[in-house]
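Respectively, the protein sequence lines represent chains A and B.
Per this note's numbering, the first sequence starts with residue 1, numbered consecutively.
Per this note's numbering, the second sequence starts with residue 1001, numbered consecutively.
Even for Gly, the Cβ is constructed at its ideal location relative to N, Cα and C.
All values derive from a computational prediction rather than experimental measurement.
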Amino acid sequence: MSGVLQAANLCFQYPGAKRLAVKDFSLTLDRGDFVGIVGPNGSGKSTLLRLLYGALTPDSGRVLLHDRRLREWPRKAIARKIAVVGQEPFWNFPITVHDFVLQGRYPHLGRFGFETEPDIQNVEAALKKVQLVDLAERQVYQLSAGERQRMLLARALAQDPEIFMLDEPTANLDLRYQVEMLDLMRQLQRELGFAVLLISHEVSLIVNFVKRMVLFKAGSALAEGPPERVVTPQNFEALFEVPFQLHTVGERPKRYWILPSLKGDSH
Amino acid sequence: MARVSLKSFLLWCATFLLALLAAMFLSARTGSVGMSLSQFLGILFGDKTDRSLYEIVWLVRIPRVYLSALVGGALAIAGAVFQSLLRNPLAEPFVLGVSSGASFGAIASSFLLWYGWATPQAMVYLRPAAAFGGALATISIVYAMAGAVRGISSNRLLLAGVVISSFLYSINIFLLTFLRQADVQSVFFWIIGDLSQPTRGMGVVVAAVFIGFFALLLQARELNLLAVSEQDADALGVAVGRVKLTIYLSASLMTGVVVSVSGSIGYVGLLVPHMVRFAVGSDHRLILPACLFGGAIFTMIADTAARTLMSPLELPVGVVTAVVGAPFFIYLLRRRSR
């Protein structure tokens, strides 16, 4: 079996650190996948993500992108295949929504010169998909948090990638925007067929969107599989070290309610 | 807003060039010795009937106009680039201490001349080179002091710059008192920045400024990405380490060589990039040439003011830029802390 992205037995240790940040992690990602890696803060999720898109190089193990080792790929070529949506940057300088999204075309441009008409069209299509066309000429600081998050997504779309990697995409959003973001991501994924890999510690919402999930703790996978196999109170207790209650609602689609048991409950 | 294309790039450049020529014309005509427009035009086209006026225009004012254009353009670009790279709108060569570092290099190299270890011809190269070294060393130290960790703390960066700057200021004055030929005028020259002494060997400085400028222009798109986020730039395929090194080297080179002929002139690198960003937007393919021209115009006007406001007395141009620039810095600081 060969996926678009294949990671095998990844190990990584930060220089000077006492223990491995990622140990013996394997994952295959294919077109149409929607995978969530969930785990507590400090479990090494972000490090793992950085290994998977080549910002870090594993000490051992390998990442294959289209059957070729990631570190043999030029950086720009990786960026044409993998788009990363990270934390929102701090806006130090004024920039318009359009100009920001245009940055997604960087990996497609030659060494010199300016963006061409197809680049601009690509940006406009991306803005349309996230419903920001009307705000294209606005300054970023005039946007709401949800709009800014969609703008980050539009830049990734403009990259025209095969894989989307999202690092805590809902971290700074309130519930409405979290749902909006994940819904949009799923809808785009169905429409365009790329693979989605997202990491998050907010498990209760994510679990209802992903097709497959990896429970990630202290640098390695506790369990992996579709939610119906992986989501058990035992697994989540092992993951977050709090007792959990689990409820499901309905079949097809099955919805999960994952609730931590609160100490005050048992009086 | 119009999209950035080759056409809009050339259009902006042409506009700025016209503005620059106009400013040069006015600046060369203005001075403590007055002359009529027709007299001035005649001199420009080679009329030597009034020998002293001819010499004032061609040997005093025009070299000074060129010098201020070169120095201002370089400082404005260095300012814009430091701001973008450090993602700090308050950064600029003077505030970061880079100018003081360049002054230090230039002053220190002067010992070679004054002790007879280097010829004046060699100093044409040695002084800008030493100033470049001083600038580079200073930005490295400031960067390290601010803790080059994720998203360098803005405040620590500025504090580090201020501390290094005041340290070097003292060292520079100390060194100047040791130089045999040090007089009040040359102390002023290095410390506050002055354009009244166009020196020999400008060719080296011009060449270095343009090498730096074109090196930066080739990184303009990378600068666009780096100004938003280093991590995002990396994920978008920018070779962050190599690009940053090129940019730091180029900006230090530009700052260093111009400080070696003008002393450290403050706030040009702060004021001009902000005006430019306001006018042309966030794309460094426009910001960089706009800073080259804008910095040239601004500094030329400041220098013209410096030599005419108190006429026949002349102020160092650094006094004029600081009087305008320091309040602007405070304004930015207030706006930022809100």
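Cross-chain neighbours of residue i in chain A, by beta carbon under 8 Å
i: ALA1160 of chain B; result: Under the 8 Å cutoff, chain A gives no residues; its nearest Cβ is about 18 Å from ALA1160 of chain B.
i: ARG1221 of chain B; result: TYR106, LEU109
i: ARG1277 of chain B; result: PHE93, PRO94
i: VAL1004 of chain B; result: PHE114, GLU115
i: ASP1283 of chain B; result: ASP99
Candidates the options: closest to residue i by CA position
i: MET1145 of chain B; options: B:GLY1133, B:ILE1164, B:ILE1301; result: B:ILE1164
i: PHE1188 of chain B; options: B:ILE1301, B:VAL1206, B:VAL1317, B:LEU1075; result: B:VAL1317
i: LEU1195 of chain B; options: B:ILE1141, B:SER1260, B:SER1229, B:PHE1293; result: B:SER1260
i: ALA136 of chain A; options: A:LEU102, A:GLY110, A:LEU109, A:ILE163; result: A:LEU102
i: PHE1111 of chain B; options: B:PHE1174, B:ILE1192, B:LEU1075; result: B:PHE1174
i: PHE93 of chain A; options: B:SER1084, B:VAL1205, B:GLY1212, B:GLU1092; result: B:SER1084
i: LEU268 of chain A; options: A:GLN159, A:GLY3, A:ARG155, A:TYR256; result: There is no way to answer for residue 268 of chain A, as the model of chain A reaches only from 1 to 267.
i: PHE1132 of chain B; options: B:LEU1006, B:ASP1047, B:LEU1159, B:GLY1212; result: B:GLY1212
i: GLY1269 of chain B; options: B:VAL1243, B:ALA1305, B:PHE1298, B:LYS1048; result: B:PHE1298
i: SER1329 of chain B; options: B:ALA1239, B:GLY1201, B:ASP1303, B:HIS1274; result: According to the sequence shown, residue 1329 of chain B is Phe rather than Ser. The shortest Cα separation from PHE1329 of chain B among B:ALA1239, B:GLY1201, B:ASP1303, B:HIS1274 belongs to B:HIS1274.
i: GLY1079 of chain B; options: B:SER1038, B:LEU1159, B:GLY1256; result: B:GLY1256
i: TYR1169 of chain B; options: B:GLY1031, B:ALA1239, B:ARG1221, B:ALA1102; result: B:ALA1102
i: LEU974 of chain B; options: B:VAL1065, B:LEU1223, B:VAL1142, B:ASP1047; result: Only positions 1001 to 1338 of chain B appear in the structure, and residue 974 of chain B is not among them; the question remains open.
i: GLY32 of chain A; options: A:CYS11, A:ALA55, A:LEU188; result: A:LEU188
i: GLU88 of chain A; options: A:ARG50, A:GLY146, A:LEU70, A:VAL123; result: A:GLY146
i: LEU1292 of chain B; options: B:VAL1004, B:PHE1210, B:SER1252; result: B:PHE1210
i: PRO40 of chain A; options: A:ALA8, A:ARG190, A:VAL22, A:SER200; result: A:SER200
Residue i (DSSP reduced to helix, strand or coil)
i: PRO260 of chain A; result: strand
i: ASN41 of chain A; result: coil
i: SER220 of chain A; result: strand
i: ASP33 of chain A; result: coil
i: SER26 of chain A; result: strand
i: ASN1088 of chain B; result: coil
i: ILE199 of chain A; result: strand
i: ASN208 of chain A; result: coil
i: PRO142 of chain A; result: Note that residue 142 of chain A corresponds to Gln in the displayed sequence, not to Pro. It is helical.
i: ARG1150 of chain B; result: In this prediction, ARG1150 of chain B scores a pLDDT of 49, lower than 50, which makes its location untrustworthy; no coordinate-derived value is stated.
i: LEU66 of chain A; result: Note on residue identity: the sequence assigns His, not Leu, to residue 66 of chain A. Residue state, collapsed to three classes: coil.
i: ALA1322 of chain B; result: helix
i: GLN13 of chain A; result: coil
i: GLY225 of chain A; result: strand
i: ILE163 of chain A; result: strand
i: SER1008 of chain B; result: helix
i: SER60 of chain A; result: strand
i: ILE1043 of chain B; result: helix
i: MET1035 of chain B; result: coil
i: ILE1287 of chain B; result: helix
i: VAL249 of chain A; result: strand
i: ALA1023 of chain B; result: helix
i: ARG1277 of chain B; result: helix
i: GLN1197 of chain B; result: coil
Contact set between residue i and chain A, taken where Cβ atoms lie within less than 7 Å
i: PRO1312 of chain B; result: Near PRO1312 of chain B there are no residues of chain A at all, since even the closest Cβ is about 43 Å away, more than 7 Å.
i: SER1229 of chain B; result: PRO89
i: ALA1239 of chain B; result: ARG75
Contacts of residue i in chain A (Cβ-Cβ under 9 Å)
i: ARG1087 of chain B; result: PRO89, PHE90, ASN92, PHE93
i: ASN1224 of chain B; result: ILE95, ASP99, LEU102, GLN103, TYR106
Residue burial classification, residue i (beta-carbon count within 10 angstroms, cutoff 16)
i: GLU251 of chain A; result: exposed
i: HIS66 of chain A; result: exposed
i: PRO282 of chain A; result: Since the first residue of chain A shown is 1 and the last is 267, residue 282 of chain A is not available in this structure.
i: THR1015 of chain B; result: exposed
i: TYR1125 of chain B; result: exposed
i: PHE269 of chain A; result: The question about residue 269 of chain A has no answer, for chain A in this structure spans 1 to 267.
i: GLY86 of chain A; result: buried
i: ASP134 of chain A; result: exposed
i: VAL38 of chain A; result: buried
Distance cut-off 8 Å: residue i Cβ against heavy atoms of the ligand SAM
i: ASN92 of chain A; result: No copy of the ligand SAM occurs in the structure displayed, which carries no ligand at all.
Neighbouring residues, chain B, relative to residue i (Cβ below 9 Å)
i: TYR14 of chain A; result: Near TYR14 of chain A there are no residues of chain B at all, since even the closest Cβ is about 13 Å away, more than 9 Å.
i: GLY86 of chain A; result: SER1229, GLN1231, ASP1232, ALA1235
Closer than 8 Å at the beta carbon, the chain B residues around residue i
i: ALA79 of chain A; result: ALA1235, LEU1236, GLY1237
Neighbour list for residue i in chain B, Cβ cutoff strictly below 7 Å
i: TYR256 of chain A; result: Residues of chain B passing the Cβ test: none, with the nearest at roughly 31 Å.
Any chain E beta carbon closer than 9 Å to residue i
i: TYR53 of chain A; result: Structure shown: chain E not included; protein chains present are A and B.
Segment contact, 8 Å Cβ cut-off, at least three pairs: the segment 61–79 of chain A with the segment 239–253 of chain A
no
Does the segment 1296–1316 of chain B touch the segment 117–137 of chain A, meaning 3 or more C-beta pairs lie closer than 8 Å?
no
Using a Cβ distance threshold of 8 Å, determine whether the segment 1222–1230 of chain B contacts the segment 1103–1120 of chain B, with at least three qualifying pairs required.
no
I'd like to know if the segment 1056–1076 of chain B and the segment 1260–1276 of chain B are in contact, where contact means that at least 3 CB-CB pairs between them fall below 8 Å.
yes
Assess contact between the segment 190–203 of chain A and the segment 159–173 of chain A, defined as three or more Cβ pairs (one per stretch) separated by less than 8 Å. Is contact present?
yes
Does the segment 97–115 of chain A come within contact of the segment 141–160 of chain A, defined as at least 3 CB pairs closer than 8 Å?
yes
Indicate whether the contact test is met: 3 or more Cβ pairs, each with one atom in the segment 218–238 of chain A and one in the segment 169–181 of chain A, closer than 8 Å.
no
Do the segment 1053–1060 of chain B and the segment 50–62 of chain A meet, that is, are 3 or more Cβ pairs less than 8 Å apart?
no
Quick one: any contact between the segment 182–192 of chain A and the segment 142–157 of chain A, if contact means 3 or more CB pairs under 8 Å?
yes
Counting Cβ pairs, one atom from each stretch, are 3 or more of them under 8 Å apart for the segment 1029–1043 of chain B and the segment 1231–1248 of chain B?
no
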